[in-house]
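With my numbering as the guide, the letters of the sequence shown map in order to residues 1 to 832.
Structure first, then comments.
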Amino acid sequence: ANNTVKTAASSHTQGHDPRRGVGTAAMNRAILDHLHFTMARLPALASRNDWYMALSHAVRDRMLDDWLASLHHFRNKELKVVSYLSAEFLLGPHLGNNLINTGMWDAARDAVESLGLRLEDLLRQEEEPGLGNGGLGRLAACYLDSLATLRIPSIGYGIRYEFGIFDQLIRDGWQVETADKWLKFGNPWEICRSEIAYEVKMGGHTEYHHDADGRLAIVWLPVKVIKGVAYDTPIAGYRSRITGLLRLWKSEAVESFNFQAFNAGEYYHAVDEKVVSESITKVLYPNDEPGVGKLLRLAQQYFFVSCSLQDMIRVHLLRSPRLEEFDQTFAVQMNDTHPSLAVAELMRLLVDEHGLGWDAAWKVTRSTLAYTNHTLLPEALEKWPLQLFANLLPRHLEIVYEINRRFLDEVSRAYPGDQARLARMSLIEETGGKFVRMANLASVGSHAINGVAHLHTELLKETVLADFYQMTPEKFCNVTNGVTPRRWVLLSNPGLAWLISESIGEEWVTAPEKLRELECFASDPSFLSAWRGVKDANKRALAAAILERTGVAVDPESLFDIQVKRIHEYKRQHLNLLHILTLYHRIKRDPGAQIPPRTFIFGGKAAPGYFMAKLIIKLINSVAEVVNADPEVAGRLKVVFFPDFNVTNGQLIYPAADLSEQISTSGKEASGTGNMKFSLNGALTIGTLDGANVEIREEVGEENFFLFGLNATEVQALKKSGYHPGRFYEEDWELREAIDAVRSGLFSHGDAGLFQPLVDHLLYDDEYLALADYRSYLECQERVSTAFRQRELWSVKSVLNVARMGKFSSDRSIREYCEKIWKVPIRPPFPH
Ligand code: CR1
């Protein structure tokens with residue numbers, strides 16, 4: 001495996017500029033210099049982390065020329081800057097990615113080896129910045145990669161959480177959360193810009209005064225002012241000589257000491273202020289859907305939105321004094337509703353602080369902002385209790401009311417007498433408690449609204465945003481998600497990258513439509529055997545990691561059937577379990593059953609307060625314990641829960657999959673992006689017609705995709721007609737057998753009560769129709785098993801999947817955002 005890494009990376013190292021000192025000797029010198037001057041260590045005493053830090057600093061130094069040149073673009077009046085506002089950026093480790101994208105891999109590896117170390121070991125030293133929960137945050141990170149690669153001036157704005165997404169441990173089969181202290185050994189990739197800092201007001205009340213000219217002046221008198229300090233991280237484009245900017249805000253006290261309190265002798269009280277201020281950016285909320293009424297979360301959202309907009313206005317004023325032209329300088333994308341306070345904050349900054357009239361401010365606000373929706377789950381639509389909102393943001397509430405007053409006037413004019421519609425579209429919900437509806441605020445304040453896959457956008461138009469679609473259909477468009485082939489193939493699957501580049505050249509990395517050229521290799525037996533060789537090596541590497549982390553030995557020859565993603569009922573990890581239980585029973589009943597050996601691998605975190613998701617993790621581990629120890633299925637079935645699924649582990653897992661599980665209830669998964677990562681790495685998909693699965697199947701061909709289950713229309717129809725999961729249980733004896741095994745205590749050392757809540761949920765509610773789709777899923781899995789026995793044919797399908805996945809590069813998504821939403825010209829590719 002070591003050798004593959006070397007060769008694969010080597011083919012992607014041309015094109016660097018020798019002036020920047022990226023030769024091996026220069027790197028060697030630079031590492032030693034940083035060890036000495038930055039880490040203050042002698043080589044003989046240096047820890048692995050010291051070496052990692054020294055190497056990372058040497059690499060960062062070499063990114064600075066491009067970075068400084070790129071930052072210059074922000075001043076160029078001709079270039080519009082894309083500003084991506086996101087509460088989450090799930091970046092994954094920087095070092096390997098930066099080496100790949102800048103073309104310094106070989107030099108770094110050789111330099112490190114000349115110092116008696118191994119690059120692999122130093123790469124493993126990095127604590128990944130887990131500043132996101134799942135797909136939404138990882139999408140933001142893929143988009144930063146593509147923006148830089150496509151040479152589009154861009155800034156990602158977000159929050160520098162001191163603690164990112166928790167680390168997951170498994171104890172006695174249960175998830176246990178531990179704090180993610182990712183900064184404990186220092187972060188060599190960020191640069192603190194102490195002088196780029198803004199004040200953010202919170203709480204208090206507003207007062208109205210008439211100034212000397214008789215004009216109304218609105219003054220917001222806050223109870224608290226917090227300072228946001230910029231921390232900048234360079235984002236290397238792939239060989240583009242452009243380095244994008246990720247600017248994350250850390251909260252601090254405006255004054256570290258409250259001198260009044262200090263003088264009065266209350267030393268501890270004086271420091272309190274600092275503690276409270278710093279708590280704003282302390283920790284990422286680990287939920288993939290919002291919990292209602294968390295004041296600190298609203299404060300986080302406001303804090304980063306305000307810092308970011310103040311920063312953009314500063315940059316704009318360097319170009320032009322006219323804030324009416326702000327939309328010429330920036331295109332601002334709101335990644336879900338988390339940054340949707342931008343609508344009210346930009347209005348406040350323009351009207352209250354910079355003296356624009358309301359109408360001019362509204363025009364520029366709308367034409368600057370755009371909103372991406374990432375979920376249809378009604379419980380995931382953000383809304384803030386009105387009182388809480390009023391207490392933290394009194395001025396913003398006034399602005400929201402004014403936006404709403406004018407907006408509802410428009411609605412009434414368009415739909416006279418339609419009170420129900422007014423109530424639905426209002427920015428304020430008034431049925432049973434008052435709330436501010438953030439999706440409505442985002443929709444009203446944006447010139448463009450997009451969903452993240454074709455089906456999702458259509459459903460958005462029909463359901464959650466139907467009223468907005470009817471009133472302003474021209475605002476709506478779709479941009480199907482994508483993932484970066486740099487991190488997700490080149491870096492994480494060097495063997496496959498090498499084989500592809502050997503066959504069709506390297507252009508696919510930035511022009512993935514070129515992958516189509518692989519189609520003609522799908523009939524070449526020696527190519528197919530090399531293809532299998534790569535997959536087998538990846539499976540062996542994953543098997544070794546599984547053994548190390550879980551103690552379970554798995555057979556790399558078996559079918560690796562993998563489901564990794566957040567644990568959620570709509571994603572239906574429990575449906576996967578029902579299949580496993582059925583296979584288990586079939587083999588026990590009939591030891592001669594023709595079932596090719598399978599290894600079921602799960603991974604994913606559950607929100608700490610989501611009981612049912614945590615119980616599903618416990619059930620996976622409990623089934624694993626029984627199945628893995630049963631001699632009657634030995635060598636035929638294995639079940640593994642891979643702990644702490646994150647970007648680093650994903651890079652090991654996606655390339656090793658034979659089968660990708662994308663089995664959400666149709667209509668519930670907005671897009672999915674793991675589905676793309678698997679398929680791009682040669683896994684075949686078993687999936688429903690949900691999210692981007694629909695488009696993946698269209699691209700790869702229906703004969704290369706295992707489809708099952710109800711579609712979104714059928715799901716809606718079944719629900720409407722009254723769904724009775726108990727009937728499916730009664731009528732399908734194998735389903736009954738599987739569920740009865742769980743409720744019997746077989747997997748809980750006889751404790752029949754342990755999984756009762758899950759069983760009851762399935763039998764009496766089953767919101768996500770697992771029982772309705774069970775039989776179809778099982779039959780589809782049989783087709784998978786049959787197909788897997790014909791290894792040659794399976795490999796052909798695997799090649800065709802990769803060959804036809806070009807559409808799902810995040811470069812294509814970013815180009816679409818540029819054309820449809822941001823109105824930013826696509827620049828010609830950088831000549832390598
Ligand atoms: C969706 O659930 C999608 C990502 C990125 C998630 C997933 O299907 O791929 O967004 N949504 O678009 C989400 O996290 C808060 O909503």
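Idealized CB from N, CA, C, for every residue including glycine.
All of these numbers come straight from a predicted model, not from anything done at the bench.
{"Asked": "DSSP-derived helix/strand/coil call for Trp249", "Found": "strand"}
{"Asked": "Opposing strand residues paired with Gln175 [DSSP bridges]", "Found": "Ile170"}
{"Asked": "Which listed residue (Val633, Cys477, His568) has its alpha carbon closest to that of Tyr768", "Found": "His568"}
{"Asked": "At least three beta-carbon pairs within less than 8 Å, the region 613-629 to the region 649-657", "Found": "no"}
{"Asked": "Burial state of Asp765 (16 or more Cβ within 10 Å)", "Found": "exposed"}
{"Asked": "CA-to-CA distance, Ala380 to Met290, given in whole angstroms", "Found": "Inspection of the sequence shows that residue 290 is occupied by Pro rather than by Met. Approximately 6 Å between the Cα atoms of the pair."}
{"Asked": "Sheet register partners of Trp384 (DSSP bridge)", "Found": "Val436"}
{"Asked": "Straight-line gap, Phe521 to Gln662 (C-alpha atoms, nearest Å)", "Found": "27 Å"}
{"Asked": "Same chain only: Cβ atoms within 7 Å of Ala543, ignoring 5 sequence neighbours per side", "Found": "Val554, Pro556"}
{"Asked": "Cα-Cα separation between Val364 and Ala448, rounded to whole angstroms", "Found": "13 Å"}
{"Asked": "DSSP three-state assignment for Glu661, whether helix, strand or coil", "Found": "strand"}
{"Asked": "Below 7 Å from a heavy atom of the ligand CR1 - residues by beta-carbon", "Found": "Asn133, Gly134, Gly135, Leu136, Leu139, Asp288, Glu289, Asp336, His374, Thr375, Ala380, Val452, Asn481, Glu669, Ala670, Ser671, Gly672, Thr673, Gly691"}
{"Asked": "Exposure of Gly244, with buried meaning 16 or more beta-carbon neighbours within 10 Å", "Found": "buried"}
{"Asked": "Sequence-distant residues of its chain with Cβ nearer than 8 Å to Asp690 (five each side left out)", "Found": "Leu455, Gln662, Ser664, Thr665, Ser666, Gly667, Lys668, Glu669, Gly672, Ala712"}
{"Asked": "Ala87 versus Asp33: straight-line alpha-carbon distance, rounded", "Found": "36 Å"}
{"Asked": "Rounded separation between Arg19 and Leu793 - CA only", "Found": "Note that Arg19 scores 45 on pLDDT, short of 50, meaning its location in the model is unreliable and no value can be drawn from it."}
{"Asked": "The ligand GDP heavy atom lying under 7 Å from the CB of Lys475", "Found": "Looking at this structure, you won't find the ligand GDP anywhere; what it does contain is the ligand CR1."}
{"Asked": "Proximal residues to Leu914 (C-beta, below 8 Å), its chain only, five neighbours per side dropped", "Found": "Residue 914 cannot be examined here, being either before or after the span of the chain that is shown, 1 to 832."}
{"Asked": "Gln333, buried or exposed, once every other Cβ within 10 Å from all chains shown has been counted against 16", "Found": "buried"}
{"Asked": "Whole-angstrom C-beta distance between Leu577 and Ile595, which should lie under 8 Å", "Found": "Not really, about 17 Å apart at Cβ, beyond 8 Å."}
{"Asked": "Glu737 and His574 closer than 8 Å at C-beta", "Found": "no"}
{"Asked": "Residue environment, Thr463, which counts as buried when at least 16 other CB atoms sit within 10 Å", "Found": "exposed"}
{"Asked": "Nonlocal neighbours in the same chain, by C-beta distance under 7 Å from Ser11, ignoring five residues either side", "Found": "For Ser11, the predicted structure reports a pLDDT of 46, less than 50, and the residue's modelled location is therefore unreliable. A value from the coordinates is still provided. Trp498, Ser501, Glu506, listed in sequence order."}
{"Asked": "Continuous beta strand (DSSP E) stretch holding Ile686: start and end", "Found": "684-687"}
{"Asked": "Under the three-state DSSP convention, the category Asp272 falls into", "Found": "helix"}
{"Asked": "Cα-Cα separation between Gln716 and Cys477, rounded to whole angstroms", "Found": "23 Å"}
{"Asked": "Per DSSP, the bridge partner or partners of Glu207", "Found": "Val219"}
{"Asked": "Status (buried if at least 16 other CB within 10 Å, exposed otherwise) for Trp733", "Found": "exposed"}
{"Asked": "3-residue-minimum beta strand (DSSP E) runs that sit fully inside the region 554-627, ordered along the chain", "Found": "559-564, 598-603"}
{"Asked": "Alpha-carbon to alpha-carbon, Arg540 and Ala1", "Found": "The predicted model places Ala1 with a pLDDT of 35, which falls under 50 and marks its position as unreliable, so this point remains unresolved."}
{"Asked": "Span separating the alpha-carbon of Cys818 from that of Tyr143", "Found": "12 Å"}
{"Asked": "Anticipated Cβ contact below 8 Å, Gly158 with Phe74, distance rounded", "Found": "Contact flag wrong, Cβ pair sits at about 18 Å."}
{"Asked": "Segment contact, 8 Å Cβ cut-off, at least three pairs: the region 112-128 with the region 45-59", "Found": "yes"}
{"Asked": "Terminal residues of the alpha helix (DSSP H) in which Gln125 lies", "Found": "119-125"}
{"Asked": "Residue nearest to Asp106 in terms of C-alpha spacing, selected from Ala360, Thr24, Ser810", "Found": "Thr24"}
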